[in-house]
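Chains A and B supply the protein sequences, listed in that same order.
Heads up, the first sequence is in my numbering, so the first residue is 708 and it goes up one at a time.
Heads up, the second sequence is in my numbering, so the first residue is 708 and it goes up one at a time.
For every residue, glycine included, the Cβ atom is placed at its ideal position computed from N, Cα and C.
Protein chains: 2
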Amino acid sequence: MSEFPVLVNGTWRPALELRGSFHALDPATGEEIPGDYPISGAADAEEAVRAGRKAALDMMSLSPDVVAAFLEDYAALIEGRAPRLAAMAVRETGLALEPRLLSVEIPRTVFQLRQAAACARERSWRRAVIDTKADIRSILGPLGGAVAVFGPNNFPFAYNAAAGTDFASALAAGNPVIAKAHPLHPGTTRLLAETAWDALLRSGLPRSAVQLLYHVGPDDGFRLVSHPLIGASSFTGGRPGGLALKAAADRAGKPIYVETSSVNPVVLLPGALRASSGEIAAELFASCTLGAGQFCTQPGVIVLLDDAAGGSFFEDLKARFLASGPGQLLGKTVRDGMESAIEAMSAAGAEIVAGGRRIEGSGFRFENTLLRVPASRFLKTPEPLQQEAFGAVSLGILAATEAEILAVAEELEGNLTGSVYSAPDGSDDALYARLAPILRTKVGRLLNDKVPTGVTVTAAMVHGGPFPATGHPGFTSVGYPAAMTRFAALHGYDRVRPERLPAELRDKNPTGAMWRMIDGGWTRGDA
Amino acid sequence: MSEFPVLVNGTWRPALELRGSFHALDPATGEEIPGDYPISGAADAEEAVRAGRKAALDMMSLSPDVVAAFLEDYAALIEGRAPRLAAMAVRETGLALEPRLLSVEIPRTVFQLRQAAACARERSWRRAVIDTKADIRSILGPLGGAVAVFGPNNFPFAYNAAAGTDFASALAAGNPVIAKAHPLHPGTTRLLAETAWDALLRSGLPRSAVQLLYHVGPDDGFRLVSHPLIGASSFTGGRPGGLALKAAADRAGKPIYVETSSVNPVVLLPGALRASSGEIAAELFASCTLGAGQFCTQPGVIVLLDDAAGGSFFEDLKARFLASGPGQLLGKTVRDGMESAIEAMSAAGAEIVAGGRRIEGSGFRFENTLLRVPASRFLKTPEPLQQEAFGAVSLGILAATEAEILAVAEELEGNLTGSVYSAPDGSDDALYARLAPILRTKVGRLLNDKVPTGVTVTAAMVHGGPFPATGHPGFTSVGYPAAMTRFAALHGYDRVRPERLPAELRDKNPTGAMWRMIDGGWTRGDA
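Written out as structure tokens, the structure reads:
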């Protein structure tokens, strides 16, 4: 067997019940990258879940400092191996070494690991609540099973199943992780998991705190997320796969956090375009095409008034699209997805005004594409016209009246972000006041005068939103400690003897600094 | 038309597309209580959801003081009308006027309304996070649509769809409510909704902030919870109905919080029984049969070692069951459910040692029932043996060894509560240390030396737990502010102009007392 081993139950070993193998392609050339990776069968998933359950129980008695130290050690090891890791990712994903991978994404990834570690150490994220009179106490705690993390194609580090935000969040919240690599970058994931393993072996964590599968078939994926002994799952990626996993987990009553699609509407109010049409066109174009448009927050829908300023803005934007060269895509599936989404939008009445065609030849590329549709047409069939075409594809929705802008907003599905540009002189304020409440209920992050790409990792970040952007509007996958709370259960303790309580719920504050709500007031003191 | 009107879109009016009507029965006699209540068709649900969406948008610009004042006014009105409300509930549910309804449940209900109101006023529950450097801010906010609340049969006030904990939580979090009455007590729900309406008319809330349907068919229920314009739903009741609603909401990506069944295992460790067998038998028997066992936290499963102390304890418990008279049930469905659950448990190998039969004659009653099964038998088919028999039915699982006790715990499904009795002298501590981590992952509230019935309303309460007890292990339906967070979306603001931010996210603290996390630290100060 030439396949790389999987990491299951504390051992790197060949995949069991192999369902096949695969290899990565160099998206710049379409050529195979040497190295066979296994598609695991049901036995691997079963063993991983059972080992994860055991590790979860073992981790419940560990101090959060142990997992924090592991995450910090892992972050340092990633930094030390960054050139080798980035080189593999460049080859597998076609993303640029600089400025993207080496100086942006890897630093973000290690920052995330350290932030999650810091929150785990600090402990306030667990929201300890103590009622001394009733002797009833509650706290967020681990789920009691591993978290299965399905990583996406577009962030080989920051969202990697074996290193990214869900990995960091799940572990920092005290849960083992079963990483399911994205099949477009198995080598990067392997190098990361090997690095995690090096850190794991010298940590006090159980050996099954991190496990790795490269790929599973759909049925085995469903088994994984719905297994009685799994803690929870997370998935970032395309809508059909995400919704199928969600359905399986939902039926079993297992928590799953999916992020599956978003068109990130940008609404350009008329005064804003009268005031600074050129600047907005430049930054919007840059946002639409950044990284070949392969961001969850790429502006896929642009809503504006079809007046003189709007018309000339749209011509400017169109000219920028026409003058631009295609970016490098992550793979064939991205290219084909763009093509079929554009076809569907065209069939629903959108007109292609720039781009629209795949680039023939080796490698996977597609023209930067701008479409337009009258708002009246959009309002007739909003569904096909707001599907995500993952890549540099944006649809301008041109409204005849301000009322149509509001009607379009009311028809939007849930999105990660929604941006509104408005005039600095207040001339758009009345319209903004009518638009914002509608948009507020449709998006996770509301922006003013700003494009949605660029997700700052801060405690205040919301990278989430109503369905179908994500599966639950109350959570975020970026920003700590909030992202960690996805992977926590609410644990109540009713007259449990003091020595049996988690340290965080005993009368004495375990760190002298953790925030707790005691008898109705937040305090860092003792109970 | 003789039917009572529904409250939809700010008007009491006859139900549309009537699918039939129903009336309550007096469970003590089985006789009809005069008063026809309508089963609404799809048009009522549709109009209610649309009116709820509009009310939700209107409520977004109101101060939380408005909804708090409404909840407080409503609580005071309920107190004023308590005798009439309680009399109706006695007739419809057969629950005792005293000590239950008038001096326990109605006071709990108004306390809940006031607690939720206080949290809404205080605002810290919204978890405002401000990053001044990046100018990124986040806060929990309303869902943008009404919350559909499906109330259960067993708490005509404290869980009533038009007055109970979900009603209070959803409104205090800024959302309108569509109450769906439980068909066993439509009159109580009508009187409550009329009372809410009186308070609503003199509040500043939109007239559709509270709506009422008495009953809907299954398909209309599915439409309601999966409607694109609904905010979320909650359901407390039987498992089949709850899971069907959950499936419909999950498919549509709409949040739903279900609480559907729990057997609330009580594990009696050997030293505890050696030390205080009689006291434990007395309090456990009382908990099993309290209110005819019709509590979500009734101890349906009792696990103990089959040694001398265990055997004599179980004989004592059995004698208490045998000597007891049957309680009054809420209705025919409860009686029939007990009968079929006992049949299924018997078929799976459990032996009836006390009770087991329905009481013939008028009204709905059933013998208090105790069953037993060897742990070895339970471990063969744990599923049918841990189904909830809502009512005074408990199953003793007798283990041959301590290892069997642990194995039984590992096979338990998710539950609201799990109790462990252990010896005061430390002789059970080693076994407790092995049992507790397993049980911890299976229950919402872990108790020591205490029966699970009696749910104190405190901020530290956890009335939740892993599936199938509830649909998500991270939440509670009792205790404020935690219960309110179920009905909230996480709202991010990225460089939104200061005057457009919610008051709670502006630099100045809106109350001077609300807790916010600003630049990494919790503070009541300004940013």
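Close partners of A:Val836 in chain B (Cβ separation under 7 Å): Ala1166 and Ala1167. For the 8 Å CB-CB criterion, A:Leu1011 and A:Leu975 form a contact. Straight across, the Cα-Cα distance linking A:Ser969 with B:Leu725 is about 40 Å. Sequence-distant Cβ neighbours of B:Val817 in its own chain, meaning closer than 7 Å and more than five residues away, are Ala782, Ile785 and Glu786. For A:Val1203, the residues of chain B that pass the 8 Å Cβ criterion are Leu1153, Leu1154 and Asn1155, in the order they occur in the chain. Around B:Ile1066, the same chain offers Pro1033 and Arg1072 as residues with beta carbons nearer than 6 Å, after the five sequence neighbours per side are excluded. Look at A:Lys887 here: in three-state DSSP terms it is strand. Rounded to whole angstroms, B:Ile846 and A:His1170 show a C-alpha spacing of 13 Å. Neighbours of A:Arg1147 across chain B, judged by C-beta separation under 8 Å: Met767, Gly848, Gly851 and His1198. Non-local beta-carbon contacts of A:Gly1063 in its own chain, meaning distances under 7 Å to residues more than five positions away in sequence, involve Ile1049, Glu1074 and Thr1076 in chain order.
The beta carbons of A:Ser747 and A:Val923 sit closer together than 8 Å.
DSSP lists B:Val836 and B:Trp1229 as the beta-bridge partner residues of B:Met1224.
Excluding the 5 residues flanking it on each side, A:Gly945 has no same chain C-beta neighbour closer than 6 Å. Taken through DSSP and simplified to helix, strand or coil, A:Gln822 comes out as helix.
Rounded to the nearest whole angstrom, the CA to CA distance from A:Gly1018 to A:Thr736 is 39 Å. For the region 880-967 of chain B, the continuous beta strand (DSSP E) assignments of 3+ residues that do not extend past its boundaries occur at 884-887, 917-920, 939-943 and 963-966, in sequence order. Taken atom to atom, the span from the alpha-carbon of A:Phe1002 to that of A:Met795 is near 20 Å.
Taking 8 Å as the cut-off, the beta carbon of A:Ala853 is found no closer than this to the beta carbon of A:Leu778.
Counting C-beta pairs with one atom in each stretch, the region 1095-1106 of chain B and the region 1039-1056 of chain B have three or more that are closer than 8 Å, which means they touch.
Using a Cβ-Cβ cut-off of 8 Å, A:Arg1207 counts as an interface residue toward chain B, since at least one Cβ of chain B sits closer than that to its own. In the DSSP annotation of this structure, the continuous segment of the alpha helix (DSSP H) that includes B:Gly787 starts and ends at Pro771 to Gly787. The shortest CA-to-CA distance from B:Thr1177 to any of B:Gly1227, B:Glu966, B:Leu764 and B:Leu1153 is the one to B:Glu966. Using a CB distance cut-off of 8 Å, B:Arg1065 does not count as an interface residue toward chain A. Closest option to A:Arg807, judged by alpha-carbon separation, among A:Glu1111, A:Asp733, A:Arg1141 and A:Phe862: A:Phe862.
Only residues of its own chain outside the window of five on either side were considered, and among them Ala1082 have a CB closer than 6 Å to the CB of B:Glu1111, listed in chain order.
Within the region 1083-1102 of chain A, contact with chain B at the beta-carbon level (separation under 7 Å) is assigned to no residue.
In the pairwise beta carbon analysis, the region 1122-1140 of chain B is classified as touching the region 1158-1166 of chain B: at least three pairs are separated by under 8 Å.
In the structure shown, B:Arg1079 falls within a strand segment according to DSSP collapsed to helix, strand and coil.
Within the same chain, Cβ atoms closer than 7 Å to the Cβ of B:Asp733 are found at Ile740 and Arg798, the five residues on either side in sequence being excluded. The three-state reading of DSSP puts A:Ala1048 in helix, counting H, G and I together. Contact check for A:Leu1086 against A:Val1115 passes: the beta carbons are separated by less than 8 Å. In this structure, B:Ala1195 sits near B:Ala880, with a CB-CB distance shorter than 8 Å.
Scanning its chain for C-beta atoms nearer than 6 Å, with the 5 sequence neighbours on each side dropped, one finds around B:Arg760 the residues Gly852 and Leu936, in chain order. Per the Cβ contact rule, the region 956-963 of chain A is not in contact with the region 975-994 of chain A (fewer than 3 Cβ pairs under 8 Å). The Cβ of B:Ala841 sits closer than 8 Å to at least one Cβ of chain A.
Annotated three-state conformation of A:Glu1120 is coil, per DSSP.
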